[in-house]
Amino acid sequence: MYSQRSSSLSSLSSPSMEFEPEPEYIDERRWERIDTLGDGYSPRTGHTVVSHNSTLYVFGGTDRRRRQQDLFQFDIESSSWSHVDVHGTLPPRRSGALGVVHANNMYIFGGYDGRDGNYFNDLFYFNFDTRRWSEMPTSSTSSVRPESRTDHIMVLHDANIYIFGGYNGSSRFNNMYRYEIPAKSWRRVDAVGSLPSGRFGHTGAVHEPSSRLIVFGGWDGRDTLDDLHQYEFHTNTWSPIPTTGRAPPHRYRHTAVIFDTSMFVFGGVDKAHSRFNDLQRLDMVTNTWTEVHTTGFVPSSRTFHRAVVVLNRMYLLGGYDGTDRLHDLYSIHVGPLSPPSLLALCASYTRRNVDDILTFTSFKGVPQLVLDDVIFQRDHGNVLRGKCALCRDGRCSVYKVSRTLNDSAVPSMHASRAAVASAANLHHLTPASTAHKATHGDACVCGHGTSHHERIDERKLYGEPYNARMMVGGGIGGAGGATSFSSKGKVHLLYSLYKRIFDGGPADDSPDHEIADA
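What follows is the structure in structure tokens.
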């Protein structure tokens, strides 16, 4: 889900007060650890992973005993593993090979069988229907073939397989080759532009709408890298990608996948052998890096793992955590996120920023004292609005006030709010009627217009007349003339309304809870 940070507004400011910048949306997503059934693969690194028809296929890699050449499949719908009985000419045992899927075949290239052993430049394919391995032939008219290598990148574009970079025990490559599947021939790609330096352990992923290969990170023999490059297939041109935001720490043997207009980078290791379990996102429209705030069963730090995308989820398999090889399986949503609800914003904020509570996965786990700080307001346009008092970066300043509103009521607020309230000289509230109105808790003190609040259609949210669930408090007056509030800023006390949300109202992720900007 998204979380939102935004500024307090200037009408409650004083010369000594500082405010946060305008709204910034924070990407927040939840990891799931998948409990699986069946005969799964042994813990390993450097394995080859592809997806085909909602099934994951795992080939080879290095387990606790040796390099492997076995093949396993994972059915996503049933969460079950099975060993694949294969036929034909199997690829030799290897680690560090990469794979792609075209039509009904899986293609794998390269890898190695030991640090001081053989490096490969063979190309094999596996047919999913016949379960048969074959070595891919090369046209007799072509003598071109890539050098043997491991830890390269391998991608598919327009029925062509592209290989870039890698390591053969002595050299780190920055050359590119293309295998044309229909013609069964290799071609060296002599691109123009600014080529990336020679490297291995980098990642490459294709963004099909823009016909670009995106390359990130790697190891150049001296240091781990954090640079970003693109290869444009239509123009045969390499160029660096200037980015904004905080770039991920330099790394290699990480993973990267592309979904829609985002590239997601996970894990890897740096020169100092520090391993990562962060999830970074590159917006390929704005070329902006952001770190994704993740919850749930976050995978351990690791390297030499594999990741693939199926539909709108990224699946993460295996790797090395610095102590042992792994054979776990995780997934995370990488598709577009729904607009955040007010409840989602508040819960997300408190989970990250309130030090004296645990990390909760739902609103039912958040203490009532936290929930009591969520305030709802109704504006003159019949729109229900809300604010979390704990969100110090919120769109308006919200204060907890005394339980009875009258001319002598003195606000009772969090200490962090006292300076703001003092600057605004907010000493009392004036009820709309002569009778005093009990708040049973909180009220929103805000003199701003409708453009400064999150909003939601109350009728759609609650499905019943507004007056049946609310208690109305009157307008706001500012003592001493320090602050003048317009009629648009009238406060309505909706304690019973917000209590219903937390005590059995609609789920926070339902469509009716989505909040649009005012």
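The sequence shown begins at 1 in full-length UniProt numbering and counts up one residue at a time. We put the CB at the ideal spot given by N, CA and C, even for glycine.
Can you tell me whether residue i is buried or exposed? The criterion is at least 16 other CB atoms within 10 Å of its CB, across all chains shown.
i, result
"L311", "exposed"
"A307", "buried"
"S262", "buried"
"A97", "buried"
"R149", "buried"
"A103", "exposed"
"R44", "buried"
"N50", "Rather than Asn, the amino acid found at residue 50 in this sequence is Val. With 16 or more other Cβ atoms within 10 Å, it is buried."
"P209", "exposed"
"H202", "buried"
"P336", "exposed"
"H273", "exposed"
"V192", "exposed"
"H83", "exposed"
"T323", "exposed"
"G131", "Here residue 131 turns out to be Arg, not Gly, going by the sequence shown. The residue is exposed, with fewer than 16 neighbouring Cβ atoms inside 10 Å."
"R325", "buried"
"D116", "exposed"
"D27", "buried"
"T290", "buried"
"R64", "exposed"
"D270", "buried"
The beta strand (DSSP E) that contains residue i, what's its start and end?
i, result
"E232", "T224 to E232"
"P240", "T237 to P240"
"L316", "R313 to Y320"
"D208", "In the sequence on display, residue 208 carries Glu and not Asp. Premise fails: E208 is in no beta strand (DSSP E) and is neither H nor E."
"Y125", "L123 to N127"
"Y162", "N160 to F164"
"F72", "R67 to D75"
"G61", "T55 to T62"
"I153", "I153 to H157"
"V257", "T255 to F259"
"S262", "S262 to F266"
"L326", "R325 to H333"
"R132", "R132 to E135"
"G40", "Looking at the DSSP string, G40 is not in any beta strand (DSSP E), and its letter there is neither H nor E."
State the CB to CB distance for the pair residue i and residue j, rounded to an integer number of angstroms; the pair is presumed to be in contact (CB under 8 Å).
i, j, result
"I76", "Y330", "13 Å between Cβ atoms; not a contact."
"F264", "M314", "6 Å"
"M136", "F120", "Actually they do not touch by this definition, with Cβ atoms about 13 Å apart."
"F128", "H52", "6 Å"
"G165", "R199", "5 Å"
"F126", "N105", "7 Å"
"W31", "T294", "6 Å"
"M176", "Y162", "6 Å"
"H327", "S142", "The pair is not a contact, with the Cβ atoms about 40 Å apart (cut-off 8 Å)."
"G217", "R172", "In fact, because the Cβ distance is near 13 Å, the residues do not count as touching under 8 Å."
Beta-carbon within less than 7 Å of residue i's beta-carbon, same chain only, minus the 5 sequence neighbours each way: which residues are those?
i, result
"S197", "N174 and D220"
"V144", "W186, R187 and R188"
"S54", "I76, E77 and V310"
"S194", "W238, S239 and P240"
"G46", "G61, T62, S95, G96 and F304"
"T266", "Just to set this straight, residue 266 is Phe in the shown sequence, not Thr. Correct list, in chain order: H254, T255, L279, A307 and L316."
"G169", "Y119"
Within the same chain, show all residues whose beta-carbon is closer than 6 Å to that of residue i, passing over the 5 residues directly before and after it, in chain order.
i, result
"V285", "T261"
"L156", "V100 and H102"
"I258", "A205 and H207"
"I332", "R29, W31 and M314"
"D151", "G96, G166, Y167, F200 and G201"
"I108", "T48, A97, G99 and F124"
"A247", "D226 and W289"
"T361", "The predicted model places T361 with a pLDDT of 34, which falls under 50 and marks its position as unreliable, so this point remains unresolved."
I'd like to know whether the C-beta of residue i is nearer than 9 Å to at least one C-beta of chain D.
i, result
"E232", "Given the protein chain composition of this structure (a single chain), no chain D is represented."
Leaving out five residues before and five after residue i in sequence, what residues of the same chain have Cβ atoms less than 8 Å from its Cβ?
i, result
"I214", "G204, A205, V206, H207, L228, H229, Q230, I241, A256, I258, M263, L282 and M284"
"G114", "R67"
"D158", "F233"
"L56", "V49, V50, Q73, F74, I76, V308, V310, Y315 and L317"
"F297", "W31, E32, R33 and Y330"
"Q69", "F59, G60, L90, P91, P92, R93 and R94"
query = Do the stretch 87-95 and the stretch 36-43 make contact, defined as three or more Cβ pairs closer than 8 Å?
reply = No, the stretch 87-95 does not touch the stretch 36-43.
key: Segment contact, 8 Å Cβ cut-off, at least three pairs: the stretch 216-223 with the stretch 178-189   = Between the stretch 216-223 and the stretch 178-189, the count of C-beta pairs closer than 8 Å stays below three; the two stretches do not touch.
task = Report yes or no: do the stretch 317-326 and the stretch 294-304 share at least 3 C-beta pairs separated by less than 8 Å?
result = Cβ pair count under 8 Å is three or more, so yes.
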